[in-house]
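Asks:
Chains as they are written, first to last, in the working numbering: chain A, 502 to 1290; chain B, 7 to 171.
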């Protein structure tokens, strides 16, 4: 019997190229005749473009063309659409190059095409744009206030949408019954995703056939093809090929269809040369979609025994200047529906207002709405515990949905299909040594040392998701996934998937599942992704959907292969199909190993079709389009331990324990890697990262000199565990793990810091917990203490 | 545009005598003139370390020096440190310990770690984390990168031990 690959910590098959410097990222590609693009970007957050004088730039030797917004509009290039519509959504046109008005620092006003990148960048400085500078607004609540600066005429009061979920009357009724109401004002600050590979695009145009090829840093090349081809540029699908080769991290930021992709495609045809653009990091900061940016007031109605009754949430979501691809979905259906968490709230009501500001667009960033929801729920539950004098673990245990209660209908639309929250929490508490650490914490406080323990018992909905459901909620795309499994005459198995790997190790994990399904050596399985010319249509990777949706499609396609292979083998063995079994890599007559055909023999005969069933098509390949019946619902418990230096305000993560339940694990190395990275990003938000616009609308944290990325010495070795509760509705029971770490860790770390600061009377403070902010609250508390003494 | 100037440098053991624009960065020279695209550019402020190479045996950020400054020097890139079949212990360590995900920071990370191990063959976890402060990774949380360096450190000591025996 061949060794089972599912569950094996197989070393990644994609690694050899990456560790030897032979990966193939977009910027690594150079083609004959290639020229370069550089963008002229607005230095102002809000301004009218009065005129553009490009004569000096055009005169620079090596400059080939300069494109403006009027050139694109004049050529019939449409604005970039949003991919998710809400009722009464106010949409302002998002042009690839602005023809009349700029709406954030970094907005594109012209593009230079030149022989070299250096010449293109030199020419940028020579373009003279005359602006009429307008007043701007960068904070969501400011934009909503009466008399605020108007960003777009299409959205009066800057309101893009006004959305609610849940039963307001039922929520009010629970609040009326409550012993206690606990209120928190929370700022979930804006983040820059910062995949380490900057975005890049290389466009080629062939006059023969009027065909375009775009190599671009995308998590979902087919979505790019639909958006650019069908909506922006009017290129038929078969004449627009999108290739996303090796992609250096995405975290959501490479889902979206960006202006530069349109610009290089347009330019490639115009100058009849291949055109490449690669972002400088300083451009990434002002052009990659940002994440989070919520201002929330949350109230919990509770009983004195710790029973959670109802939750009322009012959120202002800053959407930035334009609605990017999934922007309307993130603070609504990916946020409001997640506010139930793991608890038995009787009622929930959420009100979300999406607001335009003169800032970079905000869209999905690792977790996309779910970290924001988890932050609200887990902060308020811990605050309730504090105010009732309960342990944060006890209040969670008391209110958990019980295993017998699934499927569980929440008050905010989702129906959880499975879950078992206490074992995961107990495993995490055991690993941490929770009780002993609480005792140590009390001892340390007596010595003037402050550690905090943060608890987060999260749940997320991922594996996006049934097409009919997301369609009814406003998605302009399907959310199924495709797979094509093609067996060559040699028995090599080529697996083409609409999922995209930009670090997740699909080439390994997917091959493991295929190897088991087809009972072939794992090294005979080759994964193909990221090229619209080779794959069936697919929807790409985000929302932790690759395993539950993409791998389910592959699994089902493999089962079609096995069914057909059995028929071929039965014919060759002169047996009936019903008598065939698939054992040990062979198709054999049940219980008669001597009467068998190998996978290779079957594959070869499928291609030769010399001795073949009359009613069967030759060939051995199968396509499957898999549309899930529901989201999947991973959950778990994360425990963070943070030390706060009272003299300096410095916060430091000193331990981190997490127990996640993502269902059966295909490859533990890869799953744990996803958790590690996710936790670092969530910790980064809590302790380090911040995106700061100043009063004039300038992004002052616009480079790595100002934006504090987590570094190696900010992290500790994580202590990881798993429980396994399979999803009941997909063929392998898989759930997602790509975002769980980020969803859980921000709240866990924040709760730890607030816990550490309890002796200083701190009930809540907003992230990030920088030394200065923490020192200020400690110092204020000490001054107040001294005044009392 | 200033006139091109002649430079001679050795990259991964091969000598190159070329003319470059004075403003050509070393990383640009490696990637665009020599097609050694394993060395990456992740930022424009010398923070991320994706462009780390060795210059005369020392780790440098190749986005932060001009190619002309490397005139007369010897440069080693990720392509020169090892290859399939003859991997450097750090390349092996990153593979064994799942020290990479998207792979973009990996070449710079390996070159920085190689510099560390040249100077400190048996670093502590804290020393590893400190040595890699100049290299960003957004995927791994550094967890398995630390373990990869520890793995390589062990391999190097085993090899040294074997050579002594």
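Note that CB positions come from ideal geometry on N, CA and C, so glycine has one too.
Please report the distance separating the alpha-carbon of residue 1092(A) from that of residue 107(B).
Replies: 44 Å
Asks: In chain A, which residues lie less than 7 Å from residue 56(B) when you measure between Cβ atoms?
Replies: 697
Asks: Do you know offhand how far residue 31(B)'s Cα is from residue 845(A)'s?
Replies: 59 Å
Asks: Counting only the same chain and skipping the five closest in sequence on each side, list residues whose C-beta sits under 8 Å from that of residue 544(A).
Replies: 606
Asks: For residue 1199(A), go through chain B and note every residue whose CB falls closer than 9 Å to its CB, in chain order.
Replies: Scanning chain B for C-beta atoms nearer than 9 Å to the C-beta of residue 1199(A) yields nothing, as the closest lies near 17 Å away.
Asks: Got a sec, what are the start and stop residues for the alpha helix (DSSP H) residue 1127(A) sits in?
Replies: Segment 1122 to 1127 is the beta strand (DSSP E) holding residue 1127(A); no alpha helix (DSSP H) there.
Asks: Can you confirm whether residue 113(B), when its beta carbon is compared against all beta carbons of chain A, has any partner nearer than 8 Å?
Replies: yes
Asks: Whole angstroms is fine: what's the gap from residue 1279(A)'s alpha carbon to residue 1261(A)'s?
Replies: 6 Å
Asks: Between residue 106(B) and chain A, is any beta-carbon pair separated by less than 8 Å?
Replies: yes
Asks: For residue 150(B), which residues of its own chain have a beta-carbon under 7 Å away from its beta-carbon, when the five flanking residues on both sides are left out?
Replies: 103, 104 and 105
Asks: Alpha carbon to alpha carbon, how far is residue 555(A) from residue 49(B)? Give it in angstroms, no decimals.
Replies: 28 Å
Asks: Which of the three DSSP states, helix, strand or coil, is assigned to residue 540(A)?
Replies: strand
Asks: When Cβ atoms are compared, which residues of the stretch 1200 to 1218 of chain A fall closer than 9 Å to chain B?
Replies: 1204, 1205, 1206, 1210, 1211, 1212, 1213, 1214, 1215, 1216, 1217 and 1218
Asks: Are residue 73(B) and residue 26(B) close, meaning C-beta to C-beta below 8 Å?
Replies: yes
Asks: Apart from the five residues just before and just after residue 868(A), which ones in its own chain have a Cβ nearer than 6 Å to its Cβ?
Replies: 1240, 1243 and 1244
Asks: Which residue or residues does DSSP assign as beta-bridge partners of residue 757(A)?
Replies: Paired residue(s): none; residue 757(A) is not in a bridge.
Asks: Between the C-alpha atoms of residue 163(B) and residue 82(B), what's the straight-line distance to the nearest angstrom?
Replies: 22 Å
Asks: Would you call the CB atoms of residue 1155(A) and residue 1144(A) closer than 8 Å?
Replies: Yes, the pair counts as a contact, with Cβ atoms nearer than the cut-off.
Asks: Kindly indicate which three-state DSSP category residue 922(A) falls into: helix, strand or coil?
Replies: helix
Asks: For my contact list, residue 485(A) and residue 984(A) are in at a C-beta cut-off of 8 Å; report their separation, rounded to the angstrom.
Replies: As displayed, chain A neither begins before 502 nor continues past 1290, which places residue 485(A) out of reach and without an answer.
Asks: Can you list, in chain order, the residues of the stretch 131 to 152 of chain B whose Cβ is nearer than 9 Å to any Cβ on chain A?
Replies: Under the 9 Å Cβ criterion, the stretch 131 to 152 of chain B contributes 131, 132, 134, 135, 136, 137, 138, 139, 140, 141, 142, 143, 144, 145, 146, 147, 148, 149, 150, 151 and 152.
Asks: Measuring alpha carbon to alpha carbon, tell me which residue in 703(A), 640(A) and 600(A) is nearest residue 631(A).
Replies: 600(A)
Asks: Which same chain residues, not among the five before or five after residue 70(B), have their C-beta less than 7 Å away from its C-beta?
Replies: 52
Asks: Among 1147(A), 1134(A), 561(A) and 1096(A), which residue has its Cα nearest to the Cα of residue 1076(A)?
Replies: 1096(A)
Asks: With 9 Å as the limit, tell me which residues of the stretch 739 to 751 of chain A have their beta carbon closer than that to any beta carbon of chain B; keep them in chain order.
Replies: 747, 748, 749, 750 and 751
Asks: So who's on the other strand from residue 1223(A), going by DSSP bridges?
Replies: 1161(A)
Asks: Looking at residue 458(A): is its Cβ nearer than 8 Å to the Cβ of residue 639(A)?
Replies: With chain A running from 502 to 1290 in the structure shown, residue 458(A) is simply not present.
Asks: Quick check on residue 1002(A): does DSSP put it in helix, strand or coil?
Replies: coil
Asks: Taking residue 1180(A) as the query, report the chain B residues whose CB atoms sit under 7 Å from its CB, ordered along the chain.
Replies: Chain B residues near residue 1180(A): 147.
Asks: With 16 as the cutoff for other CB atoms within 10 Å, does residue 528(A) come out buried or exposed?
Replies: The residue is buried, with at least 16 neighbouring Cβ atoms inside 10 Å.
Asks: Start and end of the beta strand (DSSP E) containing residue 1082(A)?
Replies: For residue 1082(A), the enclosing beta strand (DSSP E) stretches over residues 1081 to 1084.
Asks: In chain A, which residues lie less than 8 Å from residue 50(B) when you measure between Cβ atoms?
Replies: 781, 782, 783 and 1204
Asks: Using 10 angstroms around the beta-carbon of residue 56(B), count the other beta-carbons present and answer buried if the total reaches 16, otherwise exposed.
Replies: Around the beta carbon of residue 56(B), 16 or more other beta carbons lie within 10 angstroms, which makes this residue buried.
Asks: Going straight from the alpha carbon of residue 850(A) to that of residue 914(A), what length do you get?
Replies: 11 Å
Asks: Kindly give me the distance between the Cβ atoms of residue 763(A) and residue 536(A), rounded to whole angstroms, as I take these residues to be in contact under 8 Å.
Replies: At roughly 17 Å, the Cβ-Cβ gap does not stay under 8 Å, so residue 763(A) and residue 536(A) are not in contact.
Asks: Once you ignore the five residues that flank residue 64(B) on each side, which residues in its own chain have a CB closer than 8 Å to its CB?
Replies: Around residue 64(B): 121.
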